[in-house]
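What follows is one structure encoded as structure tokens, with my remarks underneath.
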Amino acid sequence: MRPFLGLLVALYSFSAFGGERVCVLSFFKKGSKEQAKVEKVFRKHSEILLIQAPAFSETSDCFTGNFDEIVWASHGTLTGATRPYITPVHIDRDSSKSSLFYRRFFDNLAKKLPDHPIHLRVTYCGADDERYPNTMSPLWDEVRAKGGTVEFSPPLRLASKLLGKSVTNLSKSWLSKSLRK
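All residue numbers for the sequence shown refer to this note's numbering, where the first residue is 1459 and numbers rise by one.
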């Protein structure tokens, strides 16, 4: 299955669909309301590569391919007992178990980015919270260094204030911006 997906990523990223090529990485449990929301927005758009609960290698393939835009949708968490930090959460496709993405993963992804600029759209709780270090920061820095952009989904201000942490809105309208290219 994995070699086939690598071939599929290559076909999508080097195809002549016209316009921007988009890869959507959706790290939500199978059957969850979040997965359903992402699926509903992108399922009728065959020109967009949607990968639900991608493996680490599939995530890497998306970033090293020839995509103009990458959408990262996941849960995020504030963790670390002595030195708090924010990280997105990985969901295993087969077991639905969650694990954390460590900075080393994003350091490696940053080194593999293509030379052309990409637009990275990110939605997970805490992604834009500047009070804490974020494991994804090395990737964002490298995207910007190569002339690309990083866009965060807007936070839910009232929920963020009440909970004392950044809470992000996974909205259909924000996700749909990738369809308007």
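Even for Gly, the Cβ is constructed at its ideal location relative to N, Cα and C.
Bear in mind that the values here come from a model prediction, so they are computed numbers and not experimental data.
For residue i, the nearest candidate out of the options (CA to CA)
i: N1592; options: K1488, V1547 and F1521; result: V1547
i: D1599; options: R1615, S1624, I1509 and L1571; result: L1571
i: P1575; options: F1563, H1533, L1597 and N1566; result: L1597
i: F1521; options: Y1590, L1633, G1622 and N1566; result: N1566
i: Y1560; options: F1500, T1537 and D1573; result: T1537
i: F1486; options: E1516, R1615 and I1509; result: I1509
i: T1535; options: L1616, M1594 and R1479; result: M1594
i: A1513; options: K1502, V1499, I1549 and S1629; result: I1549
i: V1625; options: K1604, A1617 and F1564; result: A1617
i: W1632; options: A1511, E1505, A1531 and T1517; result: A1531
i: R1501; options: S1515, T1517, E1516 and S1484; result: S1484
i: S1518; options: L1620, E1527, E1505 and A1568; result: A1568
i: L1637; options: K1488, A1511, S1490 and V1499; result: V1499
i: K1623; options: S1629, S1634 and R1615; result: R1615
i: E1527; options: R1551, L1628, K1630 and G1606; result: G1606
i: A1603; options: E1505, R1589, K1619 and D1573; result: D1573
i: K1619; options: R1551, D1587 and S1629; result: D1587
i: S1515; options: V1601, F1564 and Y1590; result: F1564
i: A1511; options: K1635, S1490 and H1503; result: S1490
i: H1533; options: G1523, L1621 and L1628; result: L1628
i: R1551; options: K1488, K1635, S1634 and K1630; result: K1488
Residues sharing a beta bridge with residue i, DSSP
i: A1531; result: S1484 and T1581
i: L1536; result: I1544
i: L1507; result: C1481
Beta-carbon separation (whole angstroms), residue i vs residue j, contact threshold 8 Å
i: G1507; j: V1482; result: Per the sequence shown, residue 1507 should be read as Leu rather than Gly. Sure, about 7 Å apart at Cβ, within 8 Å.
i: F1525; j: R1479; result: 5 Å
Residue-level contact to chain D via CB, residue i, 7 Å cutoff
i: S1595; result: Within the model displayed, chain D is absent; a lone protein chain is all it includes.
Minimum length 4: unbroken alpha helix (DSSP H) runs contained in the stretch 1547-1581:
Unbroken alpha helix (DSSP H) runs of no fewer than 4 residues, entirely contained in the stretch 1547-1581, are found at 1561-1570, following chain order.
Quick test of the definition: if touching needs 3 or more C-beta pairs under 8 Å, does the stretch 1574-1584 touch the stretch 1550-1557?
Fewer than three Cβ pairs drawn from the stretch 1574-1584 and the stretch 1550-1557 lie within less than 8 Å of each other, which leaves the two stretches out of contact.
For the stretch 1542-1550 against the stretch 1494-1503, are there 3 or more C-beta pairs whose distance is under 8 Å? As far as the Cβ criterion goes, the stretch 1542-1550 does not touch the stretch 1494-1503, which means the pair count is below three.
- request: Pair every Cβ in the stretch 1601-1621 with every Cβ in the stretch 1573-1580, then say whether three or more of these pairs are closer than 8 Å.
  value: Result yes; three or more Cβ-Cβ pairs closer than 8 Å.
Q.
Runs of 4 residues minimum, wholly inside the stretch 1590-1626: which ones carry the alpha helix (DSSP H) assignment?
A. Correct list: 1595-1603 and 1615-1621.
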